[in-house]
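Chemist:
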Amino acid sequence: LARGPVAPDLVGRHVVISAGGTREPLDPVRYLGNRSSGKQGYALARTAVARGARVTLIEANTGLPDPSGADVVRAGTAMQLREAVLKAASDADVVVMAAAVADFRPAEYATGKIKKKDGQEPAPITLVRNPDILAEVAGRRARPEQIVVGFAAETDDVLANGREKLRRKGCDLLVVNEVGERRTFGSEENEAVVLAAGGGETPVPFGPKEALADTVWDLVSARLG
Ligand code: CTP
Ligand code: CA
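Using UniProt numbering, read the sequence shown as starting at 176 and increasing by one per residue.
1. Report yes if the CB atom of residue 267 is closer than 8 Å to the CB atom of residue 369, and no otherwise.
2. Just list the residues that DSSP pairs residue 193 with in beta bridges.
3. Where residue 280 and residue 208 are concerned, what is the direct C-alpha to C-alpha distance, given to the nearest angstrom?
4. Count the other CB atoms within 10 Å of the CB of residue 397; is the residue buried (16 or more) or exposed (fewer)?
5. By the 10 Å Cβ neighbour count, where 16 or more other Cβ atoms means buried, how is residue 295 classified, buried or exposed?
6. Determine whether the beta carbon atoms of residue 282 and residue 253 lie at a separation below 8 Å.
7. Using a Cβ-Cβ cut-off of 7 Å (strictly less than) and excluding sequence neighbours within five positions of residue 344, which residues of its own chain qualify?
8. To which residues does DSSP link residue 365 through a beta bridge?
9. Between which two residues does the alpha helix (DSSP H) harbouring residue 218 extend?
10. Under 8 Å, with one C-beta from each stretch per pair, do the region 225-233 and the region 196-207 reach the 3-pair mark?
11. Does the region 385-400 come close enough to the region 180-189 that 3 or more CB-CB pairs lie under 8 Å?
12. Can residue 349 and residue 340 be called in contact, C-beta distance under 8 Å?
13. Nearest to residue 275 by CA position, among 299, 192 and 202, is which residue?
14. From which residue to which residue does the alpha helix (DSSP H) around residue 315 run?
15. Provide the residue(s) that pair with residue 303 in DSSP beta bridges, ordered along the chain.
16. Using the three-state DSSP reduction, which class does residue 199 fall into: helix, strand or coil?
17. Please say whether residue 194 and residue 237 have beta carbons closer to each other than 8 Å?
18. In this structure, what does DSSP give as the bridge partners for residue 352?
19. With 16 as the cutoff for other CB atoms within 10 Å, does residue 376 come out buried or exposed?
20. Alpha carbon to alpha carbon, how far is residue 215 from residue 385?
21. Are residue 200 and residue 257 closer than 8 Å when you measure CB to CB?
22. Which of helix, strand or coil does DSSP assign to residue 389?
23. May I ask you to check if the CB of residue 278 is nearer than 7 Å to at least one heavy atom of ligand 2?
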């Protein structure tokens, strides 16, 4: 790590991190998914372990090796992720939602593989909304002093959209990425602005995902007091 020795400022803290991207099944062989790699969430888990936290990492479809020192829980779909996050959040000091949660899921799951038929148009796929896990965690606050952190990738009006999303979700910090050419999904680097409830704005220059993770923990640590 570029920072050298780190302060063990998260000793005695339980942090819950979601990472990866949910997959919403259509039938036993197909799903609706997204391109989140999970690398930012894993960087958050590694850095939190290094700073002394007890870490619960809830991972969705990353295929990444378990970070040492973290308790890893697997969740495939948004509904499974919700259940795992709410359970782990009940005694958490910090909850960080780095996972890309599908906004919608197929209204129906076909228990057998969907087959095409000659001369027949494909049936449309009806979607329903998934619950907003971040808003739910932030609204519920299993502990009054719990810190809740969200992520957002935006293409336009990054700061204005981020500010509005922070308010709408009711979280304490929102890490806003501008989705662009260098910052493709799956890369090892990231560039972001961390927005804080109450007005703070911390730019994080383009660099390793660990550096962004450490900035998040610095801001969380300051808020934990
Ligand atoms: N999130 C969540 N549950 C959902 C959707 C999103 O917990 N059903 C969380 C993500 O983990 C992320 C944050 O909310 O931390 C922002 O996700 P994003 O997709 O940017 O927000 P949305 O409210 O879904 O807005 P948009 O319409 O821009 O996708
Ligand atoms: Ca979304």
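Glycine included, every Cβ here is placed at the ideal spot set by N, Cα and C. On a predicted model such as this, the values are computed, not experimentally measured, just so you know.
Modeler: On the basis of the data shown:
1. no
2. 233 and 272
3. 10 Å
4. exposed
5. Exposed, by the Cβ-count rule.
6. no
7. Counting only Cβ-Cβ distances below 7 Å, and skipping sequence neighbours, we find 309, 310, 313 and 325.
8. Paired residues: 382.
9. 214-225
10. no
11. Contact between the region 180-189 and the region 385-400 is present, because at least three Cβ pairs lie under 8 Å.
12. Yes, they are a contact pair.
13. 192
14. 308-315
15. In DSSP, residue 303 forms a bridge with 280.
16. Residue 199 falls in the strand class under three-state DSSP.
17. yes
18. The bridge partners DSSP lists for residue 352 are 328 and 367.
19. exposed
20. 8 Å
21. no
22. helix
23. yes
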